[in-house]
Amino acid sequence: VDSSRKIPCTDAWLQYEQNALSNDTIRTLTGYQWDTLDFGDLENDLASRLSDYDVHAVLIIIDAVNRLRTLKLSHCTNITGSCLEPLRGSLVLEKIDLSLVGDNESPKISPAPLSFDHVLPILDSI
Numbered sequence: 018v019d020s021s022r023k024i025p026c027t028d029a030w031l032q033y034e035q036n037a038l039s040n041d042t043i044r045t046l047t048g049y050q051w052d053t054l055d056f057g058d059l060e061n062d063l064a065s066r067l068s069d070y071d072v073h074a075v076l077i078i079i080d081a082v083n084r085l086r087t088l089k090l091s092h093c094t095n096i097t098g099s100c101l102e103p104l105r106g107s108l109v110l111e112k113i114d115l116s117l118v119g120d121n122e123s124p125k126i127s128p129a130p131l132s133f134d135h136v137l138p139i140l141d142s143i
């Protein structure tokens, strides 16, 4: 797999949406290079329903601490940031987009879901 290629995650999320990762889905998720994980690739409605638990599970499954270079949390408006814990101490992560909105969208989300108490210690460790 070309390490510069962005790997879309939409297909894998079709099963994940039902909160049940099958062995086939796990093999699919772990088989990619996972340089970039962009939740903006998902349907907005699905991304907005993801919880911290959901995002945390994906980061663990794809071994994000060792593999992920770019994380975009577009439309993940239901998270507080505790889901980022699996990234603590990453030496490969280069970019995290915490804006929670897509490109060319208003950055105003009320109330702001991300918690500085969750996010800042993790970012400080990277």
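Under my numbering, the first residue of the sequence shown carries the number 18, and numbering increases by one thereafter. Glycine included, C-beta positions come from ideal geometry on N, C-alpha and C. Quantities reported herein were computed from a predicted structural model and do not represent experimental measurements.
Between residue i and residue j, what straight-line distance do the alpha-carbon atoms span, to the nearest angstrom?
i, j, result
"Y33", "I77", "Low local confidence applies: a pLDDT of 48 at Y33 is under 50, so the model's placement there is unreliable, with the coordinate-based value given in what follows. About 14 Å."
"K89", "V75", "13 Å"
"L101", "N83", "13 Å"
"I96", "K112", "18 Å"
"T87", "S132", "20 Å"
"L59", "D114", "15 Å"
"L12", "P130", "Limits of the chain in this structure are 18 at one end and 143 at the other, which puts residue 12 out of reach."
So, at 8 Å on beta carbons, what are the nonlocal neighbours of residue i in its own chain, with the 5 sequence-adjacent residues on each side left out?
i, result
"C93", "F56, A64, S65, L67, V72, L117"
"P103", "H73, L76, I77, A81, V82"
Could you check whether the Cβ of residue i sits closer than 8 Å to any Cβ belonging to chain D?
i, result
"L110", "Annotation note: the requested chain D is absent from the structure, which comprises a single protein chain."
For residue i, which residues from the same chain have a beta carbon less than 6 Å from its beta carbon, with the 5 sequence-adjacent residues on both sides left out?
i, result
"S99", "D69, H135"
"I143", "S107, L110"
"R105", "I139, S142"
"N61", "H92"
Looking only at DSSP bridge pairs, what is residue i linked to?
i, result
"T53", "T87"
"I113", "L88"
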